[in-house]
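Asks: Protein sequences appear in the order of chains A and B. For what it's worth, full-length UniProt numbering labels the leading residue of the first sequence as 1, then goes sequentially. For what it's worth, full-length UniProt numbering labels the leading residue of the second sequence as 1, then goes sequentially. C-beta atoms are modelled at their ideal positions from N, C-alpha and C, and glycine is treated no differently. Below you will find the structure I want to go over with you.
2 protein chains.
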Amino acid sequence: MKKKDIYLDALPLEEAKDVFFGELERAGIFSKKSVEEINVSESLGRITAEPIFSKISSPHYNAAAVDGIAVLSERTYGASETTPIILSKGEFEVVDTGDPLPPNMDSVIMMEDVNFISDEKVEIIFPALPWQNVRLIGEDVVATELIVPENHRLRPQDIGAILAGGHVNIKVYKKPVFVIIPTGTELVNPGEELKPGDIIEYNSKVFKALLAEWGAEALIFEKHKDDYYRIKEAVEKALKIADGVIINAGSSAGREDFTANIIKDLGKLLVHGVSIKPGKPVILGLVENKPVLGIPGYPVSAFLTMELFAKPLVLRMQGQSFTEREKIRAICTRRIVSSIGSEEFVRVKIGKIGDEFVVSPLHRGAGTITSLVRADGILRIPANKEGIEAGDCVEVELLKDKKEIENTVVIIGSHDVAIDILANEVKRRYPEINLSSANVGSMGGIMALKRKEAHAAGMHLLDVDTGEYNIPYIRRYLRDEKIVLVNLAFREQGLIVMKGNPKNIKGIEDLKRKDITFVNRQKGAGTRLLLDLKLKQLNISPEKIRGYDREEFTHLAVAAQVAGGTADCGLGILSAAKALDLDFIPVSPERYDLAILYEYFEMEAVQKVLEVLRSVEFKEKLKVLGGYDTSLTGEIIGGD
Amino acid sequence: MKKKDIYLDALPLEEAKDVFFGELERAGIFSKKSVEEINVSESLGRITAEPIFSKISSPHYNAAAVDGIAVLSERTYGASETTPIILSKGEFEVVDTGDPLPPNMDSVIMMEDVNFISDEKVEIIFPALPWQNVRLIGEDVVATELIVPENHRLRPQDIGAILAGGHVNIKVYKKPVFVIIPTGTELVNPGEELKPGDIIEYNSKVFKALLAEWGAEALIFEKHKDDYYRIKEAVEKALKIADGVIINAGSSAGREDFTANIIKDLGKLLVHGVSIKPGKPVILGLVENKPVLGIPGYPVSAFLTMELFAKPLVLRMQGQSFTEREKIRAICTRRIVSSIGSEEFVRVKIGKIGDEFVVSPLHRGAGTITSLVRADGILRIPANKEGIEAGDCVEVELLKDKKEIENTVVIIGSHDVAIDILANEVKRRYPEINLSSANVGSMGGIMALKRKEAHAAGMHLLDVDTGEYNIPYIRRYLRDEKIVLVNLAFREQGLIVMKGNPKNIKGIEDLKRKDITFVNRQKGAGTRLLLDLKLKQLNISPEKIRGYDREEFTHLAVAAQVAGGTADCGLGILSAAKALDLDFIPVSPERYDLAILYEYFEMEAVQKVLEVLRSVEFKEKLKVLGGYDTSLTGEIIGGD
């Protein structure tokens, strides 16, 4: 084993696309599309494989457009209030809307304008114009007129017009069929018991859903262990029944080589490695004139490379063009460092604060599928840029509707499980409103308000001198802002320790023990400030604490490290300890407030969030969670 | 029978909505939602009925993030090029990406940075930081963390995250089920033979497709004749199996009374008549605590009232909010008259000409389903406005993606079937490009260019003095514009007459015959100018011609009137006569050109349209149509 030069041929994205799609074009993948005839009523969302011309005119006869009487217009000329005209049987005929116009009549008078003297005689006081209230033959569509062109995705109204045009069946493109082959010895199916090293195989389900959204069908093969011949066999089998194959490599480099070699063995390896991040180890090939894609195993890499390569492929196989996502200009709130040579795709949260969109980067690890759940957009950093500075104006591709982002209340600051609960209650009660939170610590929240990057900030900042929470910090750092401070809850901070407290930790003073590994919160977190205050009071130097430098961003992340055994304890809230079934040693109660910028206080969405905050249901849910005192929840603590 | 006071209680739209949704809310329709448990893999597009918290942490163990060797970081401190450190078996362990971190090790060194001396010894020249290249427990999601809230529509990435969170099944809202009851004695099924007075029943298929788009399921009952008791029976049967019922009245007023009375008999009639146009005769009720909607029969009225009432209903039944369509500001190109007292919904074409969006109203008849196919947007005219003036800036709801509209080449002017063929060829070859045409006649096209409402105009305007086509008109009316004139084709104009020419029409001079009814084109149409020129040459006064005042807007519409027997002849092109199997008496060949505003000539979409225009395939299709000479097709005739 030696240093390996992997992906030496990593291509820039556009070049990789050119190579792949150029080869597919030459292979005729996009020109020879399979067609099937289906019933018009079942054609929603399908793509027409031929122009659809009307077979008949609609209406196919001259029809009464209203309920009334049909007449010959010439016979009514001169009618007025003072000189009414009486029409006798034969000169008029009662018609309902849609009835054919009787022969030798050219006009319909609305029922409301007819005075019936008897069944045989009517009086009219207005003349009728020729063809008034008549739907002439072909008013809607004339036989042979184009209803919808080829390559058109059918909508409900198209279905109506095509049926009106006399069609029962039409030709559409067959949905492309893809076989997905999950590979990896470490994979287990959802629901199976998990041992260390096992990975739940869910990429294939994500791919199937993506393919469905793009109009293709997917067959998921049984997962395969890392076995060259078995996987090769599966690919050969897949090629017999599918229009394309997706091999989902696990995360081991060894297997990616399998995919590349299998493609080489069976057909043509076109691309191995693209200089994008995440998603570098993507593999693109052509076997038996069918596209075969090797998609990386990390879920974010997988999702992005599916979007970049499989989406345009699937759309073009159906004669559809690839339309880019909507883009907006936004201010980047934080510095994002990126390496030269790779085009980076950063998932971001987007908020609309006042008139401006602001973006904050999410976790950049390729393994965090939740970053895609939380993301509102994708920010691309070109290969030749080293990153983006805080305050830069950037272009962002939207993953959500702009409206949805505009209806989002952005809370940046300290993390509390109660914010998740609040977000859920808001969505339940007001589906149109979203609450988005980012965890950057209490001080981070204050800075976010100062820079107008959030509507509100969550914080629990104890002022050592006064013993007061939050207000002194707001006075100090947000001097120029008007703020409304609303209480979220009082909560208990304490040491989160392993179930049963095996190391017999009694309080902060034990943190200096040599046998104890601590896990800390990031700088600017209220919890860290609390720790530092306690250490100062106890005269313990931070260097004495093993793990003081190891930072996590949320209470739950701290608890997870304790649960996972990489730390013996961490400072956090009771609900986090309870969530992961850990023990808790109370250290200090504290007040957690939301500081809301006054200029957004009257915003409808903010008011609705506050309404939910004050609801009995929300307070009940906090009580169930434990460790919260809701006696002031939703009350205005102060304004500035 | 007397004048009827129908819809005396027609309510303003917002009031009707308040009455309907208020009553549904009180009935608890939106608070008691049915829930079902389904497999996560099958949940794409479904709505969560509960918040989904992670059951496990992901990763659930500390995992190697790369291929390499696991080490204890402390053991590597001090390693450098000059002072490499040698690790022996036991001090390192080879790990693949995703492997669990071995006990007592806290760091992974990438394979590329390791020098293997033997299987038992490695050399490193960089120190490892604690936890480097390690995915800590819960990096993606920590057990108990919220993955997605209640009322959330599930996307592919959500499916991945929920599976990663340890779920196999989740609770989602059941899809609401609606029964659609088509009623009307005049209805026939698609594909059945059509007699005068028959109407193809397609509304139910449009409704089913709309409901599918909104997340509901639909059952279409057999169509019912206009029979009070039968329809009532059907409604009662529907209520047993559905969450809501949609009765689709035909177009006769009599039947709408049936629907209202049936609802009154069975439950509560809430709204009968809404002051909107089209869509006034909508009926809304509540029977057995289930919504029952009486939707008008005209297809456009039906579509709009479904959108206005059924869409928010269906969405709210699934805990979803109704998000309005994207709106843009646009310049209205033509005067639109609207009646006071009704809120009018005008279907419009939208074009982006330069930096500005411009809208043109489409056919306003409630019976023209094709107007919904052609529409790019809906322009609402409030009940208290008499209309909109040409040049007014208006707000328009988009029915299409803005991108799609921006990729549309707008051709306004004379009608020719060849433009339909061209539009189809463009869509076939370049799915991302649309060609939109509006038929307002050659002079209308010139005026549209002058007002910058189109990229190009189709025209065939003969200058009597010079015998030249188009150029003299462009010189006269578009003096200040730079124009590129491109030939579409030469074509034959003539009299379109009934098959076999029963009235023995020989030419224009026969139009003055008393026994002949003519159908004309609208003012400003090149064909009408040609007629006027010929009449002048023959010294025939227009008043002599029966039907001179009856105007149609397209060649096909003229042909349709001849085919339908409401006229004996009309002037038009050979392809229109052939399309409807009519006879044709040649009158004059003429040149049809596209005048393109020079400032848009270089636009990518315009260039692609020209490329298609010049293609062999397009010319071949024109030849098949007949009556076209393509010897100059695609050539630049002149520029100005």
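1. Taking contact to mean at least 3 C-beta pairs separated by less than 8 angstroms, is the region 432-452 of chain B in contact with the region 408-420 of chain B?
2. Given a limit of 9 angstroms on CB to CB distance, which residues of the region 196-207 of chain A reach chain B?
3. With DSSP collapsed to three states, give me the class of His224 of chain B.
4. Would you give the residue range spanned by the alpha helix (DSSP H) that Tyr473 of chain B belongs to?
5. In this structure, does DSSP put Gly268 of chain A in helix, strand or coil?
6. Using DSSP bridges, identify the partner residues of Lys290 of chain A.
7. CB-CB under 7 angstroms to Phe116 of chain A, same chain, minus the five flanking residues each way: which ones, in chain order?
8. Among all the DSSP beta bridges, which residues are the ones paired with Gln493 of chain A?
9. For a cutoff of 8 angstroms on Cβ pairs, would you count Gln132 of chain B as touching chain A?
10. Would the region 595-609 of chain A count as touching the region 481-498 of chain A if we require 3 or more Cβ pairs under 8 angstroms?
11. Do the region 366-374 of chain B and the region 160-168 of chain A make contact, defined as three or more Cβ pairs closer than 8 angstroms?
12. Counting only runs that start and end within the region 355-432 of chain A, where is the alpha helix (DSSP H) found for 4 or more residues in a row?
13. Phe303 of chain A touches chain B at which residues, Cβ-Cβ below 7 angstroms?
14. Evaluate Thr83 of chain B with the Cβ neighbour count: other Cβ atoms within 10 Å of its Cβ, from every protein chain shown; 16 or more gives buried, anything less gives exposed.
15. Give every residue of the same chain whose Cβ lies closer than 8 angstroms to the Cβ of Cys393 of chain B, excluding the five residues on either side of it in the sequence, and list them in chain order.
16. Just the C-alpha distance for Asp581 of chain A and Gly138 of chain B, rounded to the nearest angstrom, thanks.
17. Closest by CA to Lys17 of chain B, which one among B:Leu270, B:Ile353 and B:Asn487?
18. Would you say Ile405 of chain A lies against chain B (beta-carbon separation less than 8 angstroms)?
19. Ends of the beta strand (DSSP E) at Asn434 of chain A?
20. From Val616 of chain B to Arg374 of chain A, what distance separates their C-alpha atoms?
21. Counting only C-beta atoms, is Ser631 of chain B closer than 8 angstroms to chain A at any point?
22. Out of B:Glu186, B:Ala383 and B:Glu356, point me to the one whose CA is closest to Glu344 of chain B's CA.
23. Helix or strand or just coil, what does DSSP make of Gly627 of chain A?
24. Since residue 645 of chain A meets chain B, which of its residues come closer than 7 angstroms, beta carbon to beta carbon?
25. Does Pro196 of chain A come out as helix, strand or coil in the three-state DSSP assignment?
26. Is the shortest distance between the beta-carbon of Ser251 of chain B and the beta-carbons of chain A less than 8 angstroms?
27. For Ser339 of chain A and Asp113 of chain B, I'd like the C-alpha separation in whole angstroms.
28. Should Thr370 of chain B be flagged as near chain A, meaning a C-beta pair shorter than 8 angstroms?
29. Who are the near neighbours of Lys512 of chain B in its chain, counting only those whose CB is closer than 7 angstroms to its CB and skipping five residues on each side?
30. Any Cβ of chain A within less than 8 angstroms of the Cβ of Tyr61 of chain B?
31. Between the alpha carbons of Pro103 of chain A and Leu87 of chain A, how many angstroms are there, rounded?
32. Mapping DSSP to helix, strand and coil, what is Thr259 of chain A?
33. So, helix, strand or coil for Asp510 of chain B, using DSSP?
34. Step through the CB atoms of chain B and report whether any lies within less than 8 angstroms of the CB of Thr527 of chain A.
35. Give the interface partners of Ile147 of chain A over in chain B, defined as CB-CB distance under 8 angstroms, in chain order.
36. Take every Cβ of the region 568-581 of chain B, pair it with every Cβ of the region 624-633 of chain B, and state whether three or more of those distances are shorter than 8 angstroms.
Replies: On the basis of the coordinates in this document:
1. yes
2. Pro196, Gly197, Asp198, Ile199, Ile200, Glu201, Tyr202, Asn203, Ser204, Lys205, Val206 and Phe207
3. strand
4. Ile471 to Tyr477
5. Correcting the residue identity first, residue 268 of chain A is Lys in this sequence and not Gly. Three-state DSSP puts Lys268 of chain A in a strand.
6. A:Val287
7. Val122
8. A:Ile573 and A:Ser588
9. no
10. yes
11. yes
12. 369-374, 402-406 and 417-429
13. Gln157
14. exposed
15. Arg329, Ala330, Ile331 and Cys332
16. 15 angstroms
17. B:Leu270
18. no
19. Asn434 to Asn439
20. 51 angstroms
21. no
22. B:Ala383
23. coil
24. As shown, chain A starts at 1 and ends at 640. That puts residue 645 of chain A outside it, with no answer to give.
25. coil
26. With a pLDDT of only 41 at Ser251 of chain B, under the threshold of 50, the placement of this residue in the model should not be trusted, and no figure is reported.
27. 18 angstroms
28. yes
29. Ile540, Lys544 and Ile545
30. yes
31. 17 angstroms
32. helix
33. helix
34. no
35. Thr370 and Val373
36. yes
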